[in-house]
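Asker: Residues are numbered in the working numbering as their position in the sequence shown, beginning at 1, plus a constant of 339. My structure is below; once you've seen it, I'll send some questions.
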Amino acid sequence: MRKQLPLIMTPSSETHSGGRSALTCRFRCGDACFHPAPNTSANEYVGDVIAGALSRRSMMRAAAVVTVAAAAGGAVAAPRAEAAEAAGQAVGKSGYGSGKGARGLRFTAVAPNTADTVTIPDGYKQNIVIRWGEPILRGAPAFDPEKQTAAAQAGQFGYNNDFLSLLPLPGEHNRQILVANHEYTDEVLMFRGYDAANPTREQVEIAWAAHGLSAVVVEGDRRSGKLTAVPRHRLNRRVTATTAFRLTGPAAGSDLVRTSADPTGRKVLGTLNNCSGGTTPWGTTLHGEENFNQYFANASRATDKRYGIGTGASERKWERFDKRFDLAQEPNEAHRFGYVVELDPYDPDSTPRKHTALGRFKHEGATVRLTRDGRPVVYTGDDERFDYFYKFVGTKRMKHGSSRAVREHNLSLLDEGTLYVAKLTGDSPAIEIDGTGKLPGDGEFDGSGEWIPLVTATAKGAVSHVEGMTAEEVCVFTRLAGDKVGATKMDRPEDIEPNPHTGKVYVALTNNSNRGVGTNAKADEANPRNANKHGHVLELTERWNRADSTRFAWSLFLVAGDPNDPATYFAGFPKDKVSPISCPDNVAFDPYGNLWISTDGAQLGYHDGLFGVATRGERRGELKQFLTMPNGAETCGPVVQDRRVLVAVQHPGEVDGATVDKPASAWPDGPGKYVRPSVVAVWRADGGDIGV
């Protein structure tokens, strides 16, 4: 019998929603899962609206297994430690650990584990590209964790790297521009002896500087896939919580966004809680402001409550040092966060923009495809239990070229167009959906959907499509607009990305363990499991495969969890030949059209990781784990190129009770060193293409 893997450094039994530690919930999202869900509307609950057509045959087999398990009185899912052990044993039995697989996935799958390191496949190598605190701007000092200053941090790589983008750098051989989000700060892991009740001004200002974005040129080793940062390059840039932003779109200049410091309502200081994002066809990057609610104190309005903003002090106590974080003094300041941010990495002097036409909510990210006539379509999800996902269809066509006029035109593409919210409908009678995962009479979980228009912005003004709300109100209170039009409640819709090979759109829905609990909405056809703690992936097909269509079909692609659990599903691929996966979060595509999934808060007893899954062909649904994270860390990024995979190792050591003096991880620099979020590159040792 395989020796049980140690679990002492994984999140404790008091883990919060999705397996996150209490520490993660405090600093990342302000304990969002431990407050009542902000969406109290009566809208239909189709939260995990999930992907991939179910074969009646495979689901009937699963139903038979459920029946046998029920008859035997046994539990369907193993306890977390047992599941981890069983998953490790499965590597040698099932064949999913072999180097065979779909093109792009021909590597030996990594076994689930709890090792305090980044574990990669045999035959691959890795290096740390850049760590928190490494200097990237001219004049920035070397990182000294015991002598941190706000001025130093403003020139150094920020904290808790999340979304990553690699852009080409013409004229500089073997170099690219790496753009990274810095979602939030873990003050207890940043400052020795940190007193959460009494932070100092210097600590707060360091945290402001550690938020935001970094743009840094990186250089590849010609003989390997190693990637290193190029400090002090002319294009390197830091964007922080105090950088000036331009507010654009229908809400810009509105009374709803004016403050005492900005009576024009057009200039915002800073960006907060940037989670995932996207790279545009015109060479900019998009960044989603997600859990911005946690930074504000003393809320009192119903609209603030709908966004999860608390009535008392904030966790970080920033309101003590800047009144804009105190809504009792500056009630409109929170209306200036929760947008999609656009950055031009090729112009370090440009002013980044916040696009109100794409709506205000907890954006996980924003990804772009073009219509057949060259107009942008942006998909984005609202990462909250029982909230919605959206699409923006632009009206202006992208121009090609690199002149200043062309770039300025393309930077305005997301200010004119129509914002839609998704409504999904199942095609089976509600009585057939009982929350156990039992197959409905037609043999599959699937259905149709429509994009409901919320607001249309033009050069001459904006028009609301929501009764009782102005265009400005729709853009600032987008959640309320979704409530009014009957959008479908989802289970934390996170990253959404179209497959560049097929046009199909994939939606990662991380989890919602509250579904069907108490008075919360129960399962429906798009959410076939109550108490969904492992999440799903939805596959959406736009009508006629047109990005600007207002109708779509949806089906189940992946139902996450232990493959031994009959409720799981991997697009019909044999479940004894896949890696176990829990809590899908960020997604990306490789050059072959395979979907790569990073996880956040896996609840199977082992660490988070990165997985590749085939989306088409005879191996559709074949899912293999590529790497795993250190103690307490979440997998972010990712970027999958021909010969290199890039991931952001976010919040390593973020385990309940951990501090600088009592670290829960020794990654990346070993015992006695500060734990540091970092970016990691992985490549084949022989220099060949990934997974080929």
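All C-beta atoms in this analysis are idealised placements derived from N, C-alpha and C, irrespective of residue type, glycine included. Since this is a predicted model, take the numbers as computed values, not measurements.
(1) With three or more C-beta pairs closer than 8 angstroms as the rule, is the segment 649 to 664 touching the segment 584 to 596?
(2) Who are the Cβ neighbours of Ser852 in its own chain at under 7 angstroms, not counting the five residues just before and after it?
(3) Just to confirm the assignment, what range does the beta strand (DSSP E) spanning Arg818 have?
(4) Looking at the strands, I want to know which residues DSSP matches up with Cys975.
(5) When you compare only the Cα positions, how much space is there between Gly1026 and Arg470?
(6) Counting along the chain, where does the beta strand (DSSP E) carrying Lys464 start and finish?
(7) Compute the Euclidean distance between the alpha carbons of Glu864 and Lys777, then round it to the nearest angstrom.
(8) What separation, rounded to the nearest whole angstrom, lies between the Cα atoms of Leu552 and Thr719?
(9) Look up Ala429 in the DSSP assignment and say whether it is helix, strand or coil.
(10) Kindly indicate which residue of Phe635, Pro837, Arg890 and Asp981 has the alpha-carbon position closest to the one of Gly1030.
(11) For Leu949 and Val986, which I take to be in contact (beta-carbon distance under 8 angstroms), what is that distance rounded to the nearest angstrom?
(12) For Arg958, which residues of its own chain have a beta-carbon under 6 angstroms away from its beta-carbon, when the five flanking residues on both sides are left out?
(13) Is it true that the CB of Gly627 sits closer than 8 angstroms to the CB of Ala705?
(14) Straight-line CA distance for Asp901 to Pro923?
(15) Take every Cβ of the segment 494 to 509, pair it with every Cβ of the segment 518 to 528, and state whether three or more of those distances are shorter than 8 angstroms.
(16) So who's on the other strand from Lys656, going by DSSP bridges?
(17) Kindly indicate the opening and closing residues of the beta strand (DSSP E) around Glu672.
(18) For Lys1001 and Ser653, I'd like the C-alpha separation in whole angstroms.
(19) Sorted by chain position, which residues of the same chain lie with C-beta nearer than 7 angstroms to Pro839's C-beta, five sequence neighbours on each side aside?
(20) Tell me the rounded alpha-carbon separation between Arg655 and Glu836.
(21) Sort Asp995, Gln989 and Asp1028 by Cα distance to Val1014 and report the nearest one.
(22) Bridge partners for His702 per DSSP, in chain order?
(23) Roughly how many angstroms lie between the CA atoms of Asp887 and Phe700, to the nearest whole one?
(24) Leaving out five residues on either side along the sequence, give the residues of the same chain with a beta carbon under 8 angstroms from the beta carbon of Trp893.
(25) Could you give the first and the last residue of the continuous beta strand (DSSP E) run that contains His521?
(26) Report the rounded CA-to-CA distance for Asp995 versus Ala673, giving the unit in angstroms.
(27) Which residue from Leu962, Pro930, Ala376 and Glu993 puts its Cα closest to that of Gly647?
(28) Excluding five sequence neighbours on each side, which residues of the same chain lie with their C-beta closer than 6 angstroms to the C-beta of Arg419?
(29) Looking at C-beta atoms only, is the number of pairs between the segment 464 to 478 and the segment 565 to 573 that lie closer than 8 angstroms three or more?
(30) Go through the segment 625 to 654 residue by residue and report every complete run of the alpha helix (DSSP H) that reaches 4 residues or more, in order.
(31) To the nearest angstrom, how far is it from the Cα of Lys916 to the Cα of Leu444?
(32) Looking at the secondary structure, which residues open and close the alpha helix (DSSP H) in which His292 lies?
(33) Whole-angstrom Cβ separation of Val805 and Ala820, contact assumed at under 8 angstroms?
(34) Whole angstroms is fine: what's the gap from Phe909's alpha carbon to Gly960's?
(35) Reducing DSSP to helix, strand and coil, say where Lys861 ends up.
(36) Measuring only the C-alpha atoms, how far is Ala862 from Thr954?
Answerer: Taking the coordinates as given:
(1) These segments do not touch.
(2) Stepping through the sequence shown from its first residue, residue 852 is reached at position 513. Around Ser852: Ser356, Ala870, Asn871 and Lys872.
(3) Along the sequence shown, one-based indexing puts residue 818 at 479. No beta strand (DSSP E) holds Arg818; the alpha helix (DSSP H) holding it covers Thr817 to Val824.
(4) Along the sequence shown, one-based indexing puts residue 975 at 636. For Cys975, which the question treats as bridged, DSSP gives the partners Ala987.
(5) Taking the first residue of the sequence shown as 1, we reach residue 1026 at position 687. Taking the first residue of the sequence shown as 1, we reach residue 470 at position 131. Looking at the two C-alpha atoms, the distance is approximately 25 angstroms.
(6) As a working mapping, residue 464 is identified with position 125 in the sequence shown. It spans Tyr463 to Arg470 - the beta strand (DSSP E) in which Lys464 sits, taken as one unbroken run.
(7) One-based indexing of the sequence shown puts residue 864 at position 525. One-based indexing of the sequence shown puts residue 777 at position 438. About 10 angstroms.
(8) Taking the first residue of the sequence shown as position 1, residue 552 is located at position 213. Taking the first residue of the sequence shown as position 1, residue 719 is located at position 380. Using only the alpha carbons, I get a separation of about 19 angstroms.
(9) In the sequence shown, residue 429 corresponds to position 90, counting from 1. A caution first: Ala429 carries a pLDDT of 48, below 50, which makes its placement in the model unreliable, though a value can still be read off. Look at Ala429 here: in three-state DSSP terms it is helix.
(10) Position 691 of the sequence shown, counting from 1, holds the residue named residue 1030. The option with the nearest alpha carbon to Gly1030 is Asp981.
(11) Residue mapping note: residue 949 aligns to position 610 of the sequence shown, counting from 1. Residue mapping note: residue 986 aligns to position 647 of the sequence shown, counting from 1. Confirmed, Cβ separation roughly 6 angstroms.
(12) Sequence index remark: in the sequence shown, residue 958 carries index 619 (1-based). Correct list, in chain order: Ala441.
(13) Here residue 705 refers to the residue found at position 366 of the sequence shown. Here residue 627 refers to the residue found at position 288 of the sequence shown. One thing to note: Ala705 has its Cβ within 8 angstroms of the Cβ of Gly627.
(14) Within the sequence shown, residue 901 is the residue found at index 562, counting from 1. Within the sequence shown, residue 923 is the residue found at index 584, counting from 1. Distance between the alpha carbons of Asp901 and Pro923: 13 angstroms.
(15) Taking 8 angstroms as the limit for Cβ pairs, the verdict is that the segment 518 to 528 does touch the segment 494 to 509.
(16) In the sequence shown, residue 656 corresponds to position 317, counting from 1. Partner(s): none; Lys656 has no beta bridge.
(17) Within the sequence shown, residue 672 is the residue found at index 333, counting from 1. Premise fails: Glu672 is in no beta strand (DSSP E) and is neither H nor E.
(18) Position 662 of the sequence shown, counted from the start, is the residue given in the question as residue 1001. Position 314 of the sequence shown, counted from the start, is the residue given in the question as residue 653. If I take the Cα positions, the gap works out to 25 angstroms.
(19) To locate residue 839, count along the sequence shown from 1; it is residue 500. So the qualifying residues of the chain are Phe928.
(20) Residue mapping note: residue 655 aligns to position 316 of the sequence shown, counting from 1. Residue mapping note: residue 836 aligns to position 497 of the sequence shown, counting from 1. Each residue's alpha carbon lies about 33 angstroms from the other.
(21) Along the sequence shown, one-based indexing puts residue 1014 at 675. Taking only the C-alpha atoms, the option nearest Val1014 is Gln989.
(22) Here residue 702 refers to the residue found at position 363 when the sequence shown is read from its first residue. Per DSSP, the beta bridge partners of His702 are Asp721.
(23) Working through the sequence shown from its first residue, we reach residue 887 at position 548. Working through the sequence shown from its first residue, we reach residue 700 at position 361. Near 22 angstroms, if we compare the C-alpha coordinates of Phe700 and Asp887.
(24) Residue numbering aside, residue 893 sits at position 554 when the sequence shown is read from its first letter. Within the same chain, Trp893 has close Cβ partners Val388, Ile389, Ala390, Leu763, Asp785, Gly786, Ser787, Gly788, Ala865, Leu877, Glu878, Leu879 and Thr880.
(25) In the sequence shown, counting from the first residue as 1, residue 521 sits at position 182. Run containing His521: Arg514 to His521, per the beta strand (DSSP E) assignment.
(26) As a first step, residue 995 must be located in the sequence shown, where it is residue number 656. As a first step, residue 673 must be located in the sequence shown, where it is residue number 334. Roughly 29 angstroms between the two C-alpha positions.
(27) Taking the first residue of the sequence shown as position 1, residue 647 is located at position 308. Among Leu962, Pro930, Ala376 and Glu993, the Cα nearest to that of Gly647 is on Ala376.
(28) Mapped onto the sequence shown, residue 419 falls at position 80. Note that Arg419 scores a pLDDT of 38, beneath 50, so its modelled location is shaky; the value from the coordinates is reported in the next line. Counting only residues of its own chain and dropping the five nearest sequence neighbours on each side, Arg419 has a CB closer than 6 angstroms to the CB of Gly944.
(29) The segment 464 to 478 is in contact with the segment 565 to 573.
(30) Correct list: 641 to 645.
(31) Stepping through the sequence shown from its first residue, residue 916 is reached at position 577. Stepping through the sequence shown from its first residue, residue 444 is reached at position 105. Near 13 angstroms, if we compare the C-alpha coordinates of Leu444 and Lys916.
(32) Since the first and last residues shown for the chain are 340 and 1031, residue 292 lies out of range.
(33) Counting from one through the sequence shown, the residue named residue 805 turns up at place 466. Counting from one through the sequence shown, the residue named residue 820 turns up at place 481. Val805 to Ala820, Cβ: 5 angstroms. Contact.
(34) Position 570 of the sequence shown holds residue 909. Position 621 of the sequence shown holds residue 960. The straight-line gap from Cα to Cα measures roughly 5 angstroms.
(35) On the sequence shown, position 522 is the one that residue 861 refers to. In the structure shown, Lys861 sits in coil (DSSP, three-state: anything other than H, G, I, E or B).
(36) Here residue 862 is taken as the residue at index 523 of the sequence shown, counted from 1. Here residue 954 is taken as the residue at index 615 of the sequence shown, counted from 1. Distance between the alpha carbons of Ala862 and Thr954: 26 angstroms.
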